[in-house]
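Okay, structure first, notes after.
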Amino acid sequence: MKAVRQYGLEGVRIQNVSELAGISPGAIYRYFDGKDQLLAECFTYVDKQAAEIFEHLKLTPLAMVKDPMGAVKGLWLPYFRFWVARPDETIFYHRFRDSAFFPKYDKSRDVTYFKTFIGMVGLFKKVFPRLDQINQDLLWLHVLTSTVMYAKYVVEGILPNDQKTEDTVFQLLSTGLSGYLKPEKGGKSEPKTRR
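Count along the sequence shown from 1, add 2, and you get the number used in the numbering used here.
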């Protein structure tokens, strides 16, 4: 990941990685077929670490109803701070997601390690049925990938690493959610509109 940050995703070579690691290129080739496999393994490693954040967070329907945006922020803030605290991983992750490598990798990857996060999304949908009115894949993809993008700007020094930045980024990401995070009146779902 350090080598990708230094040389770029396309420009990095196994030789660069071996020099930074202090081992021979042959030692790397004993474990990886080549650069593409090494990059995919690095991405999976970081992706699993990011998913583990949600394993330690708790959500309750009552707290979600009382303070919906507080519940979202309680999930989002540790995720954002995870990325800000790991500059090499953040830049690598962002570059890999935007690369030609990613679509092929994404088709075959196993994301079961995000099951806790997926469960939390399900709980939000149960407590706030209006969320079903929008495309869930796009919504959460927007929140997760935009969070990494803003964290990348922080670790690159484009944005300051302070409370104001956290608050602003959260506002930008959550503005579209606020209209959907309202409990249904009388416990009944309102009719869905066709789009």
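Backbone N, C-alpha and C fix where the C-beta goes; we use that ideal spot for every residue, glycine too.
Legend entry - Candidates Lys68, Leu77, Gln138, Phe82, of which the one nearest Lys184 by Cα: Nearest of Lys68, Leu77, Gln138, Phe82 to Lys184, Cα basis: Lys68.
Inset, instruction - Please determine if the region 167-177 and the region 78-87 are in contact, where contact requires at least 3 C-beta pairs separated by less than 8 Å. - result: As far as the Cβ criterion goes, the region 167-177 touches the region 78-87, which means the pair count is three or higher.
Legend entry - Range of the contiguous alpha helix (DSSP H) that encloses His144: Run containing His144: 138-157, per the alpha helix (DSSP H) assignment.
Legend entry - Residues near Ser180 by beta carbon distance below 7 Å, same chain, minus five either side: If we look at Ser180 and ignore the five residues flanking it on each side, its Cβ neighbours are Met71.
Legend entry - For Asp49, the first and last residue of its enclosing alpha helix (DSSP H): Where Asp49 is concerned, the enclosing alpha helix (DSSP H) stretches over 37-54.
Inset, instruction - Using a threshold of 7 Å, state whether the C-beta atoms of Lys50 and Tyr115 are closer than that. - result: Contact flag set, yes.
Legend entry - Other residues of its chain near Lys4: CB distance less than 6 Å, five sequence neighbours each side excluded: The residues are Leu22, Asp90.
Inset, instruction - Could you tell me which of Gly124, Gly13, Lys128 sits nearest to Asp38, measuring between CA atoms? - result: The candidate whose alpha carbon is nearest that of Asp38 is Gly13.
Inset, instruction - Would you kindly work out how many angstroms separate the C-alpha atoms of Ser148 and Arg7, rounded to a whole number? - result: Taking the straight line from one Cα to the other gives about 19 Å.
Inset, instruction - Tell me whether the beta-carbon of Ser176 lies closer than 7 Å to the beta-carbon of Val74. - result: Yes, they are a contact pair.
Legend entry - Assigned exposure category for Leu64 - 16 Cβ within 10 Å defines buried: Exposed, by the Cβ-count rule.
Legend entry - Three-way DSSP call (helix, strand, coil) for Thr62 in this model: In the structure shown, Thr62 sits in coil (DSSP, three-state: anything other than H, G, I, E or B).
Legend entry - Limits of the alpha helix (DSSP H) - the one that Met122 falls within: Where Met122 is concerned, the enclosing alpha helix (DSSP H) stretches over 117-129.
Inset, instruction - Given a cut-off of 7 Å, decide if Val157 and Thr92 are closer than it, judged by their beta-carbon atoms. - result: Here Thr92 is near Val157, since their CB atoms are less than 7 Å apart.
Legend entry - Which listed residue (Leu143, Leu41, Leu59) has its alpha carbon closest to that of Arg97: Of Leu143, Leu41, Leu59, the residue nearest in Cα terms is Leu41.
Inset, instruction - Would you check if the distance between the CB atom of Arg210 and the CB atom of Tyr182 is smaller than 7 Å? - result: Here the chain covers residues 3 to 197 and nothing more, so residue 210 does not appear.
Inset, instruction - Please name the residue, chosen from Lys128, Tyr152, Met122, that lies closest to Glu57 on a Cα-to-Cα basis. - result: Residue Met122 is the option with its Cα nearest to Glu57.
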